[in-house]
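Asker: What follows is a structure written as structure tokens; I'll ask about it next.
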Amino acid sequence: MTWIVEVRCTIEEAAEADMPDITLAAHERDDETWRLAAYTETHPDAALIAAVAALAPSSTEPPVVRELPERDWVRFSQSALVPVTVGRFHVYSQAHAHTLRPGRIGLRIEAGRAFGTGHHATTVGCLAAIDRARREGLVVNRALDLGTGTGVLAMAIAKRWPRARIVAADIDPVAVTVARANLRANRVRAGVRGGMVSTSVADGPRGRALAGHYDLVVANILARPLVHMAPALARMVAPGGRLVLAGLLQRQARRVWAAYRSRGLVALAYPARVAWPTLEFVRRGSAMRGTHGTAAGSAR
Ligand code: SAH
Numbered sequence: 073m074t075w076i077v078e079v080r081c082t083i084e085e086a087a088e089a090d091m092p093d094i095t096l097a098a099h100e101r102d103d104e105t106w107r108l109a110a111y112t113e114t115h116p117d118a119a120l121i122a123a124v125a126a127l128a129p130s131s132t133e134p135p136v137v138r139e140l141p142e143r144d145w146v147r148f149s150q151s152a153l154v155p156v157t158v159g160r161f162h163v164y165s166q167a168h169a170h171t172l173r174p175g176r177i178g179l180r181i182e183a184g185r186a187f188g189t190g191h192h193a194t195t196v197g198c199l200a201a202i203d204r205a206r207r208e209g210l211v212v213n214r215a216l217d218l219g220t221g222t223g224v225l226a227m228a229i230a231k232r233w234p235r236a237r238i239v240a241a242d243i244d245p246v247a248v249t250v251a252r253a254n255l256r257a258n259r260v261r262a263g264v265r266g267g268m269v270s271t272s273v274a275d276g277p278r279g280r281a282l283a284g285h286y287d288l289v290v291a292n293i294l295a296r297p298l299v300h301m302a303p304a305l306a307r308m309v310a311p312g313g314r315l316v317l318a319g320l321l322q323r324q325a326r327r328v329w330a331a332y333r334s335r336g337l338v339a340l341a342y343p344a345r346v347a348w349p350t351l352e353f354v355r356r357g358s359a360m361r362g363t364h365g366t367a368a369g370s371a372r
């Protein structure tokens, strides 16, 4: 279950709003008033409600708390398309281009035929993990986004590690087409060299275009395929590299966690309370800068 704590605000308050580890979305109503919403997967406590109120000192009413039924995520992700701010990332559609503020990294995504507008809890979790990895100083020469959908995560990685070679793959050719268009719209170069994202259609991690080792692997798919592909996907994480998995429900998390942990990966965090947990792992060893990027059959 997801809860929303929502307060009326000014556009300036919406643009300035920031809260560590909490997904915030700001949106403009038809009557041109703004609302700021905090999303939480645990019941909002007084401290959170007070924190949301503090983000909008202009408001004369207290924040409103309501439940967002799980099924609404799908509708929400396809229609509402309010801008979503996660760490330094600001995911928005053209209609909300004016909400992008200096210091934020914009990812422009239009609602369309592929999954990944930035509004699903799993996408948000992956964006937060990418942002955190960058802040922690992870060195990324090569990255893989498996199940790229709109390409949102591949683009987020490209913006944070501008010289990395990134592979974005999806089993769905339509998603790959959408991802390519989004790369263009976000001025991320398509190609196989440093500072570029290459796209390919692939079922799981076995495709030739994906072969090699990666400093950062993100896969927002579903629990069952993630367990199935664990042996091959885990092997692709370079020493010192990081693996981010999402798309699983809390009740499926332990199974996915076990499948990867038994493959030389160390779990960074086990989020026990959220509905859609993001799992993060590292492979022991130091990143071998530049030496693992040329493995045979790599995306070159
Ligand atoms: N990365 C985006 C989209 C996630 S939705 C985001 O984080 O928002 C999951 C995507 O995985 C879908 O686009 C789906 O087509 C793709 N997918 C599902 N099974 C797959 C598989 N076996 N191999 C590659 N991609 C897969």
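Heads up: the sequence shown is residues 73 to 372, going by the numbering used here. All C-beta atoms, glycine included, are put in the ideal place defined by N, C-alpha and C. No experiment lies behind these values; they were computed from the predicted model shown.
Nearest-angstrom Cα distance between Gly221 and Val260?
Answerer: Translated into positions along the sequence shown, residue 221 becomes position 149. Translated into positions along the sequence shown, residue 260 becomes position 188. Each residue's alpha carbon lies about 16 Å from the other.
Asker: From which residue to which residue does the alpha helix (DSSP H) around Thr249 run?
Answerer: Counting from one through the sequence shown, the residue named residue 249 turns up at place 177. Looking at the DSSP string, the run of the alpha helix (DSSP H) that includes Thr249 is Pro245 to Ala257.
Asker: Do Val346 and Leu282 have their C-beta atoms within less than 8 Å of each other?
Answerer: Taking the sequence shown and counting its residues from 1, the one referred to as residue 346 is at position 274. Taking the sequence shown and counting its residues from 1, the one referred to as residue 282 is at position 210. Contact flag unset, no.
Asker: Identify whether Ala274 lies in helix, strand or coil by the three-state DSSP scheme.
Answerer: Taking the first residue of the sequence shown as position 1, residue 274 is located at position 202. Three-state DSSP puts Ala274 in coil, outside helix and strand.
Asker: To which residues of the same chain is Gly178 closer than 6 Å at the C-beta, ignoring the five residues directly before and after it?
Answerer: For this step, residue 178 is matched to residue 106 along the sequence shown. Correct list, in chain order: His162 and Leu172.
Asker: Just grab the DSSP bridge partners of Ile177 for me.
Answerer: To locate residue 177, count along the sequence shown from 1; it is residue 105. Paired residue(s): Phe161.
Asker: Kindly indicate which residue of Thr114, Val289 and Gly188 has the alpha-carbon position closest to the one of Val138.
Answerer: Taking the sequence shown and counting its residues from 1, one reaches residue 138 at position 66. The question names Val, but residue 138 is Arg in the sequence shown. The shortest Cα separation from Arg138 among Thr114, Val289 and Gly188 belongs to Thr114.
Asker: Which residues in the same chain have their Cβ closer than 7 Å to the Cβ of Pro135, if we skip the five residues on either side of it in sequence?
Answerer: For the purposes of this step, residue 135 is identified with residue 63 of the sequence shown, where counting begins at 1. Same-chain partners within the cutoff: Val77, Glu78, Val79, Ile121, Val124 and Ala125.
Asker: Asn254 and Gly223: beta carbons closer than 8 Å?
Answerer: Position 182 of the sequence shown, counting from 1, holds the residue named residue 254. Position 151 of the sequence shown, counting from 1, holds the residue named residue 223. Going by C-beta atoms, Asn254 is nearer than 8 Å to Gly223.
Asker: When burial is assigned at 16 or more other CB atoms within 10 Å of the CB, is Glu208 buried or exposed?
Answerer: The residue given as residue 208 occupies position 136 in the sequence shown. So Glu208 ends up on the exposed side.
Asker: Are Asp90 and Val212 close, meaning C-beta to C-beta below 8 Å?
Answerer: Working through the sequence shown from its first residue, we reach residue 90 at position 18. Working through the sequence shown from its first residue, we reach residue 212 at position 140. Not closer than 8 Å, so no.
Asker: Taking the alpha carbon of Ala200 as the reference point, which residue from Cys81, Asn292 and Arg323 has its own alpha carbon closest?
Answerer: Residue 200 sits at position 128 when you count from the first residue of the sequence shown. Checked all of Cys81, Asn292 and Arg323; the closest Cα to Ala200 is Asn292.
Asker: Pick from Leu340, Gly357, Pro311 and Val316: whose alpha carbon is nearest that of Leu298?
Answerer: Counted from its first residue, the sequence shown places residue 298 at position 226. For the residues Leu340, Gly357, Pro311 and Val316, the minimum Cα distance to Leu298 belongs to Val316.
Asker: Where Gln166 and Asn258 are concerned, what is the direct C-alpha to C-alpha distance, given to the nearest angstrom?
Answerer: Within the sequence shown, numbered from 1, the residue matching residue 166 stands at position 94. Within the sequence shown, numbered from 1, the residue matching residue 258 stands at position 186. The straight-line gap from Cα to Cα measures roughly 11 Å.
Asker: With a threshold of 8 Å, are at least 3 pairs of Cβ atoms found where one atom belongs to the region 240 to 254 and the other to the region 319 to 334?
Answerer: The answer is no - the region 319 to 334 does not touch the region 240 to 254, with fewer than three Cβ pairs under 8 Å.
Asker: In terms of alpha-carbon separation, which member of Thr82, His168 and Ala193 lies closest to Trp75?
Answerer: Along the sequence shown, read from residue 1 onward, the residue named residue 75 stands at position 3. Comparing Cα-Cα distances from Trp75 to each of Thr82, His168 and Ala193, the minimum goes to Ala193.
Asker: Does the Cβ-Cβ distance between Gly276 and Met301 come in under 8 Å?
Answerer: As a first step, residue 276 is located in the sequence shown; it is residue number 204 there, counting from the start. As a first step, residue 301 is located in the sequence shown; it is residue number 229 there, counting from the start. Yes; because the gap between Cβ atoms is below 8 Å, this pair is in contact.
Asker: Among Gly267, Gly284 and Val246, whose alpha-carbon lies nearest the alpha-carbon of Ile229?
Answerer: Along the sequence shown, read from residue 1 onward, the residue named residue 229 stands at position 157. Of the listed residues, the one whose Cα sits closest to Ile229 is Gly267.
Asker: Let me know if Ala169 comes out buried or exposed under the rule of 16 or more other beta-carbons within 10 Å of its beta-carbon.
Answerer: Translated into positions along the sequence shown, residue 169 becomes position 97. So Ala169 ends up on the exposed side.
Asker: What residue range is occupied by the uninterrupted beta strand (DSSP E) comprising Tyr342?
Answerer: Within the sequence shown, residue 342 is the residue found at index 270, counting from 1. Counting along the chain, Tyr342 falls outside any beta strand (DSSP E), and DSSP gives it neither H nor E.
Asker: With a threshold of 7 Å (Cβ to nearest heavy atom), would His192 be considered close to the ligand SAH?
Answerer: Sequence index remark: in the sequence shown, residue 192 carries index 120 (1-based). Under cutoff, so the answer is yes.
Asker: Compute the beta-carbon to beta-carbon distance between Gly357 and Pro303, rounded to the nearest angstrom, for a pair I have assumed lies under 8 Å.
Answerer: For the purposes of this step, residue 357 is taken as the residue at position 285 of the sequence shown. For the purposes of this step, residue 303 is taken as the residue at position 231 of the sequence shown. 19 Å between Cβ atoms; not a contact.
Asker: Only counting the same chain, and skipping five residues up and downstream in sequence, which positions put a Cβ closer than 8 Å to that of Arg176?
Answerer: Along the sequence shown, one-based indexing puts residue 176 at 104. These residues qualify, in order along the chain: Thr157, Arg160, Phe161 and His162.
Asker: Is the CB-CB distance between Val328 and Leu216 below 8 Å?
Answerer: By 1-based counting over the sequence shown, the position of residue 328 is 256. By 1-based counting over the sequence shown, the position of residue 216 is 144. Cβ distance not < 8 Å, so Val328 and Leu216 don't count as in contact.
Asker: Counting only runs that start and end within the region 189 to 223, where is the beta strand (DSSP E) found for 3 or more residues in a row?
Answerer: Taking only runs of at least 3 residues, the beta strand (DSSP E) segments lying wholly in the region 189 to 223 are 214 to 218.
Asker: For Ile76, which of helix, strand or coil comes out of DSSP?
Answerer: Residue mapping note: residue 76 aligns to position 4 of the sequence shown, counting from 1. Strand.
Asker: Between which residues of its own chain and Ala331 is the CB-CB distance below 6 Å, once the five residues before and five after are set aside?
Answerer: Start at 1 with the first residue of the sequence shown, and residue 331 comes out as number 259. Hits under 6 Å: Val299 and Ala302.
Asker: Which residues does DSSP pair with Ala98 in a beta bridge?
Answerer: Position 26 of the sequence shown, counted from the start, is the residue given in the question as residue 98. The partner list for Ala98 (beta bridge, DSSP) reads Leu108.
Asker: Quick one: using the 10 Å Cβ neighbour count with 16 as the cut-off for buried, is Tyr342 buried or exposed?
Answerer: Residue mapping note: residue 342 aligns to position 270 of the sequence shown, counting from 1. Exposed, because fewer than 16 other Cβ atoms sit within 10 Å of the Cβ of Tyr342.
Asker: Mind checking which residues open and close the beta strand (DSSP E) that includes Arg138?
Answerer: In the sequence shown, the residue the question calls residue 138 occupies position 66. It spans Val136 to Leu140 - the beta strand (DSSP E) in which Arg138 sits, taken as one unbroken run.
Asker: If you follow the beta strand (DSSP E) that Pro311 is in, where does it begin and where does it stop?
Answerer: On the sequence shown, residue 311 is found 239 positions in, with the first residue counted as 1. Start and end: Val309 to Ala318.
Asker: Can you tell me the Cα-Cα spacing of Arg280 and Ala205, whole angstroms?
Answerer: Counting from one through the sequence shown, the residue named residue 280 turns up at place 208. Counting from one through the sequence shown, the residue named residue 205 turns up at place 133. Computed Cα separation, rounded: 27 Å.
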